[in-house]
Amino acid sequence: MPVFEGPFALLFHLIEQAEVDICNIQIAEITAQYLAYLHELRELNLDVAVEFLVMAATLLKLKSKKLLPGMKPSADEAEETAPLISSEEELVQRLLEYRYFQTVAKELRLCEQEQKRVFVRSPGGKTMLVNPSAAEAAGAGGLSCLLSAFQQLLSRHEALPREVETDELSVSDKMKQVLKKLAGHRDGLDFRELFLERPSVTAIIVTFFALLELIRRRKISVWQDRPFGLLICKRNAF
Amino acid sequence: MDLKPLLEAVLFVAEEPLPADKIAEITGAAVRDVRFCLEILQREYQASDRGLQVMNIARGYQLATKPEAAATVEKLSREENRYTLSQAALETLGIIAWRQPVTRVDIEVIRGVKPDGVLDTLLKRRFIRVVGRKDVPGRPILYGTTREFLRYFGLKDLSELPAPATKG
Amino acid sequence: MDLKPLLEAVLFVAEEPLPADKIAEITGAAVRDVRFCLEILQREYQASDRGLQVMNIARGYQLATKPEAAATVEKLSREENRYTLSQAALETLGIIAWRQPVTRVDIEVIRGVKPDGVLDTLLKRRFIRVVGRKDVPGRPILYGTTREFLRYFGLKDLSELPAPATKG
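Chains as they are written, first to last, in numbering that gives the first Met the number 0: chain A, 0 to 237; chain B, 0 to 167; chain C, 0 to 167.
This is the structure in structure tokens:
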């Protein structure tokens, strides 16, 4: 059972299978095949996306319009939704446009592949540099405020009694953990929240390096709401 | 140091394509001289005994390896480079690039699918950006492509967009 | 592509100094040929109209900008915050570099402070590594410096470490 991203992709597949030109499609035939496919999906208990159903209704309407030429399409279309297809010519037009952008996508894929064969120096590769764009996003002195916050945290920690260091996480584990934690806070999270459970010095450093690495990889942004204010970490959700 | 070697060093250090005027600003040279030297540099690197090239992409200049070195250089680079865009993302990006500025609905009309998730991905990857709002009821957001889009696909500017074979 | 341009591309992309045998492995060429071509490349880049150089550091080769370009290149990377090592980290690193292999207690005796946090930092930054355990009761961990340490400070190997004035 092939999977189609949208109704146009499915229609296209059906037209290609029937080996007819887009301009000469038989609406009754294509509608029957289209509905048969949706029926099969239902039989397999697969979800049918609403776009497919809308297209099914449109096809049925176009078919009946052909039988009853006097019928007009309904004009009450909501502002933020795509207008419905109201004639066979329009359907053909849409299919042609869809095909056009399929070829555009192919061209872009070629460009992408060609570009994948060309390598530039990776940001921060040579010396451990922080991404300038990440630093910009972090606001003036984003990294330096991260550093000073970190040092404060460490000095506060030194005032506490030492703990036995157990099951330390690696930086990459910590990165995953931080990302997971930030995922639940779309507006950002106070930097100190990441160090709540009175961690060992190693854990603080691991978390800190995890943050630096995440900034470098543009996975998160760090900024201050005002000078000497709270340090906020936010996930960039790629 | 002369301007040409200086430009070579600057391009080496830059992390993204640098426009000529930005290079002029950094080096303190005239934009015209910068362009002239960059062209010489570009030609020198074209020689077959050189492994790098001065690319002219995203309205800037960038030093990069030649495609012929890909198979070898690949072994050194991180896996991220192998990540490619999904078909849906490419189609949506194609519509935005060729028809910009476009609204969400414009894209939906062409693709037959709501583009919400894909638009988010493209925005996050900085391939597209909000360029304004359309002057119709509801004032929907208009999207356009970015320099990062040009850079990713190795295009100099929008006029370089390849024309698809059939125009439908 | 010939070996020399290939080496140029490989050095360009590499994120750290590459030893000749590693380059040979990547390119599939003989180590002897790699060394030969690298030397030619190195000499070509020495020309005054080139802004880059092939450096021979940390037992490997690395492409880098020439010192004469530093002032200009700095302007470009001004925004690119460098991590700087803290005084404590530098002191600790110094002790490890000159006295390696050393234990935690060796460092504490010299600096008068427990080096735990600093050691962790240096380990994470890959400036130091565990080189073994000392054959005394408790078998404490022994630390030594890494290639990353050499690279960071631009040293070819440990013998290039300047002799400290006082050995105390």
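We treat Cβ as the ideally placed atom computed from N, Cα and C, and that holds for glycine.
It should be emphasised that the depicted structure is a prediction, and the values quoted were computed from it without experimental measurement.
The stretch 10-18 of chain C and the stretch 48-64 of chain C touch, with three or more beta-carbon pairs separated by less than 8 Å. Relative to residue 181 (chain A), the option among A:219, A:170 and A:22 whose CA is nearest is A:219.
For residue 14 (chain A), same chain residues with a beta-carbon under 8 Å away, outside a window of 5 residues either side, are 21, 24, 29 and 94 in chain order.
For residue 170 (chain A), the C-beta contacts it makes with chain C under 9 Å involve 123, in order along the chain.
For residue 112 (chain B), no Cβ of chain C is located within less than 9 Å of the residue's own Cβ.
With a cutoff of 9 Å on beta-carbon distance, residue 96 (chain C) and residue 64 (chain C) are scored as not near each other. Approximately 14 Å separates the beta-carbon atoms of residue 139 (chain C) and residue 98 (chain C); this is outside 8 Å, ruling out the contact. Excluding residues up to 5 positions away in sequence, 29, 30 and 33 lie with their Cβ nearer than 7 Å to the Cβ of residue 23 (chain C) in the same chain. Within chain B, the residues placing a beta-carbon under 7 Å from that of residue 104 (chain A) are 86, 89, 90 and 93, ordered along the chain.
Every unbroken stretch of the alpha helix (DSSP H) spanning 4 or more residues and falling wholly within the stretch 77-119 of chain B is given here in chain order: 86-98 and 103-110.
DSSP places residue 124 (chain B) outside both helix and strand once states are collapsed to three, so it counts as coil. Any Cβ of chain A closer than 9 Å to the Cβ of residue 70 (chain C) would place that residue at the interface, and such an atom is absent. According to the DSSP assignment, residue 233 (chain A) belongs to the beta strand (DSSP E) that extends over 230-234. Against chain B, the beta carbon of residue 110 (chain A) has neighbours under 8 Å at 152, 153, 154 and 161, listed in chain order. Straight-line spacing of the CA atoms in residue 232 (chain A) and residue 206 (chain A) works out to 12 Å. Any Cβ of chain B closer than 9 Å to the Cβ of residue 179 (chain A) would place that residue at the interface, and such an atom is absent. Taking all protein chains shown into account, residue 47 (chain A) has fewer than 16 neighbouring C-beta atoms within 10 Å of its C-beta and is therefore exposed. Using beta-carbon distances, residue 82 (chain A) counts as an interface residue toward chain B, with a partner under 9 Å. Following the DSSP letters along the chain, one finds residue 9 (chain B) in no beta strand (DSSP E) but inside the alpha helix (DSSP H) bounded by residues 2-12. DSSP places residue 53 (chain C) inside the beta strand (DSSP E), whose first and last residues are 51-56. Counting only residues of its own chain and dropping the five nearest sequence neighbours on each side, residue 160 (chain B) has a CB closer than 8 Å to the CB of 96, 97 and 154. When the beta-carbon positions are compared, residue 4 (chain C) and residue 40 (chain B) stay at least 9 Å from each other. Considering only beta carbons, no part of the stretch 118-142 of chain B lies closer than 8 Å to chain C. Shown here for residue 53 (chain C): same chain residues with a beta carbon closer than 7 Å to its own, the five before and five after excluded, namely 10, 37, 40, 41, 44, 60 and 62 in chain order. Shortest Cα-Cα distance from residue 129 (chain C) to any of C:66, C:106, C:107 and C:101 involves C:101.
Interface flag for residue 8 (chain C) against chain A is set, since a Cβ pair is found closer than 9 Å. Here residue 141 (chain C) is near residue 132 (chain C), since their CB atoms are less than 9 Å apart.
Interface criterion not met: the Cβ of residue 174 (chain A) is under 9 Å from no Cβ in chain B. Residues of the stretch 54-65 of chain B with a C-beta atom less than 9 Å from some C-beta of chain C are 62, 63, 64 and 65, listed in chain order.
Any Cβ of chain B closer than 9 Å to the Cβ of residue 50 (chain C) would place that residue at the interface, and such an atom is present.
Shown here, residue 19 (chain B) sits in a helix according to DSSP, grouped into three states.
Exclusion of the five residues before and after residue 26 (chain C) leaves 5 as the residues of its chain whose Cβ lies within less than 6 Å of its Cβ.
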